[in-house]
């Protein structure tokens, strides 16, 4: 593709300014795309990082069927009818994924599962789900990323590797940019990295702290105790792998900064302790407000996983793992989260949207979702192990490249997408709107009794 | 024709058109109120019922980023109050901050058909609009937070009046807002930039404050008046919640001079006493000022005992309150624009301050002479849920009930107020004014809050019951834009074709050249991606005309 732009002049060229890259949760919205409208490819993605370039430049329109049932090509409407029937006939249908599609499409999902009495869950349940639970327990002092750029003089990353996962996080938001009260960029900031190993991220650190694996909670709790006036214990190194005086110095810096921020990643949420770890971190950030202004934020991964959290929350009151089988939303992670419902063999139908559990889930979950006991429906932009294993498979266009809509950046800031070129594939929004309508029609015909309060 | 409805035999309350409980016919066609309908129209026999315009909530927090954070924060509260699916409606979660579907349905089941979201930071306005579209039945609009906008403050400080006017107008347009909201103006900088401090005084000129709150307030009142917005600046005064804050409130109202101003949840700003000590009621001083000044409107922000949730752009206040019980707390700073604090809360009758706040709210209702300028609100969910509205109505309409209620709360607080001496009882017509006709007038909504020809056919029909709480808790019929939604207390259809109300004052496009450099330097999203396009209105936007007015009585 790059060869095309160098050697042959593009005849039908289009420039898209302020395009948003939806590869990761940074949602950088300052990308300038050069599009070859004849070949339907993006030839240049100016200002995108290495991940963003891969996302934009490798996108091609595949010559694949839009809809298939059991591998055979069918009309889209037939596939939607079959999918709706599968969901309505199932006793325990589940919906999973949603983090790589627009909010408008996500909004169709909860009402649909409400109509068929199923479960809705997002990829949050396997990434920052524990942070969501911790949030419910302790709250969170937080901010938009622009505040970090403008004000933060103390920036900490805990249990994450943004240098490789969110490559532009440093330059756009948190480490080097010059803001209103940080006119000298990185010189105005103290950057601290806490991790179990020295990743690429450690390279930007003023202070790198290598915490013992599985001992994040201990270090966090020591700092919390310090906020309440307790001394850092003498056996600090033994407890968490870091020298006492280093922790004391760290606490001093946290307490005396003007505007402190901690970003945390899955090193905290998916290691031993899970929501206790993220809860301890949010509580620490809260405690530090006794001394100064302090905030914390999970560094979310997928392009619109934050949007999925928001949409499911506003429609049901809970962020993920929500079940409708009793006629109203119930939240219970562990019971209604996807890995669990599959591993226990409960789900008898699964609709997966913009996600690939067959490639990523634990084996018992994969075994069930691909077995005869569970009818699988896949809506995705590419062929994946999940779409190949699916009973009904629908291929859709890609958000941010072929379709517009809304995504939420990791700090809950909503951004509108600017598509580069059309796709012959239908959008997630179109497919899900039709499917929701169909499920609604069937549920009205099914005439099932609706629960009323007397059954509580 | 099924788009026609004829309501007959009902006791009609339409204060705007001077109909104060008279039996007459109401005709509806194509979503509007008309003179007559054909004989095939659906007939609703409203014998023994009160017919009123749909309720209008002028100040509540129901959609947007902070609301959603509070929803996420309180699963324990949703769990106790599920909102069930019916054949015609979606399920949801209830509690003090219901999910969007539940919010819409629950407002409708109180007879409310319009509710204005009171505070959204511009950067997050897309979120609010998205949620509005998922909030069924009720028409919405929202007030955009501009009072702590750093760019606008710099224009005020530099005296660039013309550019300030254009910039405010630009912001209202690109965010699709209804009016300007000011929350504790001047307080963001001390909070975010000076280790969690707050402004202390409307003329505060200490080092931590870049610009005195009064200067900001004056500038916004002026520009909104100049632009002729249908609703004046909606202000959450400085020092809200602090003992002795009533003089700040009065100073704020004085700053308006004879220009229009809406003081939000004024109960929270009506405390006398010495700062830092227990508050006393200043309802008399506050209502005296309002009674004498036609340009001022307010909503009460009545406190009701039970669960509440603080959600406000007044972040320092929330943090202060968090200090009492150290419970879970959310702070959310928005770059260059706003702060925000969220805190689950309980109002308890036996606590002096809470009981006093309850009494002050009622005193303000009872002492104010002009019901058109005082609106019923709980600042949902800050003073309690909107679900309390029927109980508030009963408290206002029934002196004996009020006396009884006073016996069950903190007596020290009751003895320090004059509530027990206020024998006034609101009439049904006055209730109709403070819940519908008045707020519609304060908002400049000509098609709402009344039943005259051409008005939106948003109508609520209540059974006439002696117990007014019961009466207002469950309307027998609710009609939205001419569509029958609730019949015999049950939803018979869903309605999603709702409106987003907004303003669109003219502005000079060149102002973007002035604003853009600031964006490029200090915002984290591109200037080109900031303005919200019309798709977010889903074809349901309604622009309300702008026209300069000195009071709500001018047409």
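Chains as they are written, first to last, in my numbering: chain X, 1 to 456; chain U, 1 to 555.
Glycine is no exception: its CB is placed at the ideal position from the N, C-alpha and C atoms.
Treat the numbers as computed from the prediction; the structure is a model and nothing was measured.
Can you give me the Cβ contacts of residue i inside the same chain, cut-off strictly under 7 Å, excluding the 5 residues immediately before and after it?
i	result
residue 176 of chain X	170, 185 and 186
residue 374 of chain X	347, 348, 349, 350 and 368
residue 98 of chain U	83, 92 and 106
residue 104 of chain X	405, 406 and 429
residue 3 of chain U	29, 30 and 482
residue 284 of chain U	367
Consider the Cβ of residue i: report whether some Cβ of chain X lies at a distance smaller than 7 Å.
i	result
residue 434 of chain U	no
residue 525 of chain U	yes
residue 99 of chain U	yes
residue 64 of chain U	no
residue 267 of chain U	no
residue 1 of chain U	Reliability of the predicted coordinates at residue 1 of chain U is poor, the pLDDT of 45 falling under 50, and the value obtained from them is presented with this limitation in mind. Answer no: the Cβ-Cβ gap between residue 1 of chain U and chain X never drops below 7 Å.
residue 36 of chain U	no
residue 472 of chain U	no
residue 93 of chain U	yes
residue 329 of chain U	yes
residue 234 of chain U	no
residue 357 of chain U	no
Leaving aside the five residues before and after residue i along the sequence, list all residues of the same chain whose C-beta is less than 6 Å from its C-beta, in chain order.
i	result
residue 412 of chain U	352
residue 423 of chain U	399
residue 131 of chain U	63 and 100
residue 12 of chain X	37 and 38
residue 17 of chain X	32
residue 417 of chain U	281 and 359
residue 151 of chain U	518
Between residue i and chain U, is the shortest Cβ-Cβ distance under 7 Å, so that the two count as touching?
i	result
residue 108 of chain X	no
residue 292 of chain X	yes
residue 371 of chain X	no
residue 136 of chain X	yes
residue 99 of chain X	no
residue 114 of chain X	yes
residue 397 of chain X	no
residue 282 of chain X	no
residue 455 of chain X	Note that residue 455 of chain X scores 38 on pLDDT, short of 50, meaning its location in the model is unreliable; the coordinates nonetheless yield the value given after this. No, residue 455 of chain X does not count as interfacial toward chain U.
residue 254 of chain X	no
residue 402 of chain X	no
residue 125 of chain X	no
residue 118 of chain X	no
Thinking just about the alpha-carbon of each residue, which of the options is nearest to the one in residue i?
i	options	result
residue 440 of chain X	X:286, X:44, X:81 and X:45	X:81
residue 340 of chain U	U:511, U:183 and U:227	U:183
residue 372 of chain U	U:345, U:552, U:292 and U:179	U:552
residue 271 of chain X	X:23, X:196 and X:110	X:196
residue 224 of chain X	X:117, X:54, X:289 and X:20	X:289
residue 98 of chain X	X:88, X:91 and X:125	X:125
residue 485 of chain U	U:460, U:467, U:464 and U:129	U:460
residue 504 of chain U	U:12, U:547 and U:365	U:547
residue 415 of chain U	U:474, U:435 and U:355	U:355
residue 114 of chain X	X:87, X:135 and X:136	X:87
residue 281 of chain X	X:118, X:134 and X:410	X:134
Taking Cβ positions only, does residue i come closer than 7 Å to chain B?
i	result
residue 198 of chain U	Absence of chain B from the displayed structure is noted, the protein chains being X and U.
Closer than 8 Å by C-beta to residue i: which residues in its own chain qualify, once you throw out the five before and the five after it? Chain order, please.
i	result
residue 9 of chain X	none
residue 6 of chain U	25, 26, 27, 28, 37, 41, 42, 43 and 44
### Query
According to a CB-to-CB cut-off of less than 7 Å, which residues of the segment 410-441 of chain X neighbour chain U?
Listed in sequence order: 412, 413, 414, 415 and 416.
### Interface positions of the segment 305-338 of chain X facing chain U (Cβ-Cβ less than 7 Å), listed along the chain
Correct list: 310, 313, 314, 315, 316, 317, 318, 319, 324, 327, 328, 329 and 331.
### Message
Please list, in chain order, the residues of the segment 144-173 of chain X that have any C-beta partner in chain U closer than 9 Å.
### Response
Within the segment 144-173 of chain X, the residues whose Cβ lies closer than 9 Å to some Cβ of chain U are 144, 145, 146, 147, 148, 149, 150, 151, 172 and 173, listed in chain order.
### Query
If we count Cβ pairs, one from each stretch, closer than 8 Å, do we get three or more for the segment 225-235 of chain U versus the segment 261-274 of chain U?
By the Cβ test, the segment 225-235 of chain U is in contact with the segment 261-274 of chain U, since at least three Cβ pairs between them sit closer than 8 Å.
### Message
Any contact between the segment 55-65 of chain X and the segment 313-326 of chain X? By contact I mean 3 or more CB pairs, one from each, below 8 Å.
### Response
Flag = no, the segment 55-65 of chain X and the segment 313-326 of chain X do not touch.
### Query
Mind listing which residues of the segment 61-87 of chain U have their C-beta closer than 7 Å to chain X's C-betas, in chain order?
Result list: 65, 68, 71, 72, 73, 75, 78, 82, 83, 84, 85, 86 and 87.
### Message
To be precise: take each residue of the segment 331-346 of chain U, compare its Cβ to all Cβ atoms of chain X, and keep it if any distance is under 7 Å. Which residues remain?
### Response
Sequence-ordered contacts of the segment 331-346 of chain U with chain X read 331, 332, 333, 334, 335 and 336 [C-beta pairs closer than 7 Å].
### Task
Below 8 Å between beta carbons is the criterion; list the residues of the segment 8-31 of chain X that meet it against any residue of chain U, in chain order.
Along the segment 8-31 of chain X, going in chain order, the ones with a CB nearer than 8 Å to a CB of chain U are 17, 18, 20, 29 and 30.
### Task
Could you name the residues of the segment 247-280 of chain X whose beta carbon sits closer than 9 Å to any beta carbon of chain U, in the order they occur along the chain?
Listed in chain order, the positions of the segment 247-280 of chain X with a beta carbon within less than 9 Å of a beta carbon of chain U are 258 and 259.
### Task
State whether the segment 409-427 of chain X contacts the segment 131-143 of chain U, with contact taken as three or more CB pairs (one from each stretch) at a distance under 8 Å.
With contact defined as three or more Cβ pairs closer than 8 Å, the segment 409-427 of chain X and the segment 131-143 of chain U are not in contact.
### Task
Could you list the residues in the segment 214-229 of chain X with a C-beta less than 7 Å from some C-beta on chain U, going in chain order?
From the segment 214-229 of chain X, no residue has a Cβ closer than 7 Å to chain U.
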